[in-house]
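From first to last, the protein sequence lines stand for chains A and B.
Mapping to numbering that gives the first Met the number 0: the first sequence position 176 is 175, numbers consecutive.
Mapping to numbering that gives the first Met the number 0: the second sequence position 171 is 170, numbers consecutive.
Presented below is the structure to which this report refers.
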Amino acid sequence: MNTWGDIRSTFRAMVGDPDAYFFTAAQVLSWANRGLRDLAQYAQYRDKRIDKTVLMASEGVNLGSDVLRIWRAEGTVQGTYQALYPTTKTHLVKSYRYWFNVTGTPRNYYLDLQRASSDTVVGLYPIPASSTDFYFYCHVVPTEVSDGDTAAEVDVPNWAVASVLYYMLYQAYSADTKLQDFDRADFWKLMYDRQRDRLKQRSLSKVIPDKDWRSHRRVYPDIGMQSPEYVTGTGP
Amino acid sequence: MSAIQAGALAKIQDLVPNRIGQGLTWETAHVQNLIMLAARAAFEQIGMHHGSETITLVAGQNEYTLDSQFISVERVEFSTVGGPAFDFDGYLHPITFTILDELNRAWREEDGVRPELYTLIGTPGAPNSQIFIYPALAAVSGQVIKVTGEIVGSTTTTTMEDIQDQFIVPYTMALMYAATDTRLARRYMAMADDGYYALVGRHADEYASGPRTKPPWGAVR
Chain A
0 MNTWGDIRST FRAMVGDPDA YFFTAAQVLS WANRGLRDLA QYAQYRDKRI DKTVLMASEG
60 VNLGSDVLRI WRAEGTVQGT YQALYPTTKT HLVKSYRYWF NVTGTPRNYY LDLQRASSDT
120 VVGLYPIPAS STDFYFYCHV VPTEVSDGDT AAEVDVPNWA VASVLYYMLY QAYSADTKLQ
180 DFDRADFWKL MYDRQRDRLK QRSLSKVIPD KDWRSHRRVY PDIGMQSPEY VTGTGP
Chain B
0 MSAIQAGALA KIQDLVPNRI GQGLTWETAH VQNLIMLAAR AAFEQIGMHH GSETITLVAG
60 QNEYTLDSQF ISVERVEFST VGGPAFDFDG YLHPITFTIL DELNRAWREE DGVRPELYTL
120 IGTPGAPNSQ IFIYPALAAV SGQVIKVTGE IVGSTTTTTM EDIQDQFIVP YTMALMYAAT
180 DTRLARRYMA MADDGYYALV GRHADEYASG PRTKPPWGAV R
């Protein structure tokens, strides 16, 4: 059950509304996409690399409206990609009064006081003296589901697909209809929160350190791969 | 041991006789869907099912898309030759971009004959999640990496009966009763939680002494 069509039909079956009498298609779709956005904002599981070429003298670069957080930036320095380091406009102002006139190879990026709309705009310091290529690694919002493409897989980890369903059920039983039932809404909110928390933990710790497995300390001599007749000694 | 969907359905039918089927309280297909929701929770929480994916490396490429069946990545191995005569003779170690920067700020420009390190972009299981290896290969002649980790099973994946009895069945019953009796649903979910604690230790620590390094999110388990 990975597709939007599967989730939608399961939802209808669970609320007993196969004919969309209580909940319209638009409502159900809206809840699903709200659930996806909430998961992405809370767990930040969806990563994306955005490649940009910034022209000379451009103060910043617009990464679009689906960026939740930038966690890494790289820019070409003498032809090689190297990490850029975050800074703030406040720090730049305090460091050098005329920082905005400095041009060169960008080594830092800043985000404060940049947002004028839903787009994420990254400021660069120094301002590029020539056209420069950048990689921006970001947490982004997931792709929304649509009734026009019910076969599309939901943009959430396979094992966490149920969380979208639980969010929809929570919203459905909270809505002001004859099916409203806050006790059921609370149950589905609990189920949703459990999955969301697990998704957050797995997203924060997605890279697991090497495990060094150990078995119980042997009591008898370790004969390894030798046949018994070649084992010598009487043990520890 | 039995296939998850068929085995759990039979157990649930025993608990609610004559109530699952066409025109009855619960449609069979609906219960089967709920069983697979519970099964996915079992795969993720208990960690009882492992699988691997072999990825053929491309010269100069660091990033490769991971199969969406993965829940976690536990081991990455490298083979200098492709199949069937693989020679997985080395592990790649997990690392972060920050540590790579500390090792060499121009690490992205390096390539080599054997990748040594890896990290992940995006949570495993998300569409378009990737594994990032370092260094990229300068030239290729069939080299592959094998990624092993916990995966999501299917309807025909077999599980031990106690996993179905202690977790999947009560979890499914909770989902079934949530529409009519939330008190009963919570009771079944509590039973599933008890089953989780009984089962997770056996699978997370396959050896009696367990691993030296536990996952950093061990508290979740």
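Backbone N, C-alpha and C define an ideal beta-carbon position, used for all residues, glycine too.
Just to make sure I have the definition right: I need the residues of chain B whose C-beta is within less than 9 Å of the C-beta of residue i. Which are they?
i, result
"K188 of chain A", "Near K188 of chain A there are no residues of chain B at all, since even the closest Cβ is about 12 Å away, more than 9 Å."
"V144 of chain A", "Those within 9 Å of V144 of chain A in chain B number zero; the least Cβ separation is about 12 Å."
"V53 of chain A", "Per Cβ cutoff of 9 Å: no residues; V53 of chain A is ~18 Å from chain B at best."
Counting along the chain, where does the alpha helix (DSSP H) carrying residue i start and finish?
i, result
"D100 of chain B", "F96 to L102"
"E73 of chain A", "Not the alpha helix (DSSP H): E73 of chain A falls in the beta strand (DSSP E), residues V66 to V76."
Could you give the residue range of the beta strand (DSSP E) that holds residue i?
i, result
"V153 of chain A", "Per DSSP, V153 of chain A belongs to no beta strand (DSSP E) and is neither H nor E."
"F87 of chain B", "F87 to P93"
"H246 of chain B", "Past the boundaries of the shown model lies residue 246 of chain B; chain B is included only from 0 to 220, so the question cannot be answered."
"N61 of chain A", "G59 to N61"
Out of curiosity, what's the CA-to-CA distance linking residue i and residue j?
i, j, result
"R71 of chain A", "Y117 of chain B", "16 Å"
"Q77 of chain A", "A58 of chain B", "23 Å"
"V206 of chain A", "L112 of chain A", "33 Å"
"W98 of chain A", "S129 of chain A", "18 Å"
"G59 of chain A", "V66 of chain A", "15 Å"
"W216 of chain B", "D50 of chain A", "Bear in mind that the predicted position of W216 of chain B carries a pLDDT of just 41, short of 50, making it unreliable; the figure below should be weighed with that in mind. Using only the alpha carbons, I get a separation of about 32 Å."
"R48 of chain A", "F133 of chain A", "10 Å"
"A11 of chain B", "A173 of chain B", "In the sequence on display, residue 11 of chain B carries Ile and not Ala. Approximately 11 Å between the Cα atoms of the pair."
"F69 of chain B", "A125 of chain B", "9 Å"
"Y44 of chain A", "R193 of chain A", "16 Å"
"I3 of chain B", "G121 of chain B", "29 Å"
"M190 of chain B", "Q165 of chain B", "7 Å"
"G50 of chain B", "R113 of chain B", "23 Å"
Measuring CA to CA, which of the options is closest to residue i?
i, options, result
"L164 of chain A", "A:L38, A:A19 and A:Q113", "A:L38"
"P141 of chain A", "A:R33, A:G103 and A:D192", "A:R33"
"Y109 of chain A", "A:L168, A:V120, A:D180 and A:V160", "A:V120"
"R39 of chain B", "A:T9, A:S162 and A:A150", "A:S162"
"E115 of chain B", "B:Q163, B:L183 and B:I144", "B:I144"
"T102 of chain A", "A:L123, A:D111, A:P17 and A:K93", "A:L123"
"T176 of chain A", "A:R11, A:G4 and A:Y20", "A:Y20"
"Y136 of chain A", "B:F96, B:Q163, B:T64 and B:I34", "B:F96"
"S1 of chain B", "B:D88, B:F77 and B:S153", "B:S153"
"F87 of chain B", "B:N127, B:T155, B:A197 and B:I54", "B:I54"
"Y191 of chain A", "A:A12, A:W30 and A:T52", "A:W30"
"Q200 of chain A", "A:L178, A:A159, A:A174 and A:F10", "A:A159"
"V199 of chain B", "B:I162, B:L102 and B:D13", "B:I162"
By the criterion of Cβ-Cβ separation under 7 Å, what are the contact partners of residue i in chain A?
i, result
"H29 of chain B", "A12"
"V151 of chain B", "N157 and W158"
Would you mind telling me which residues of chain B sit closer than 8 Å to residue i, beta carbon to beta carbon, in chain order?
i, result
"S202 of chain A", "T122"
"M266 of chain A", "An answer regarding residue 266 of chain A cannot be provided, because it is not within the stretch 0 to 235 covered by chain A."
"Y44 of chain A", "G121, T122 and A125"
With C-beta atoms as the reference, is residue i less than 8 Å away from residue j?
i, j, result
"R197 of chain A", "E43 of chain B", "yes"
"R106 of chain A", "L91 of chain A", "no"
"H48 of chain B", "I150 of chain B", "yes"
"P169 of chain B", "P156 of chain A", "no"
Strictly below 8 Å CB to CB, what residues from chain A border residue i?
i, result
"R201 of chain B", "Neighbours of R201 of chain B on chain A: none; closest Cβ ~15 Å, over 8 Å."
"A178 of chain B", "M13, V14, G15 and R183"
Along chain B, which residues have their Cβ under 7 Å away from the Cβ of residue i?
i, result
"A72 of chain A", "Near A72 of chain A there are no residues of chain B at all, since even the closest Cβ is about 11 Å away, more than 7 Å."
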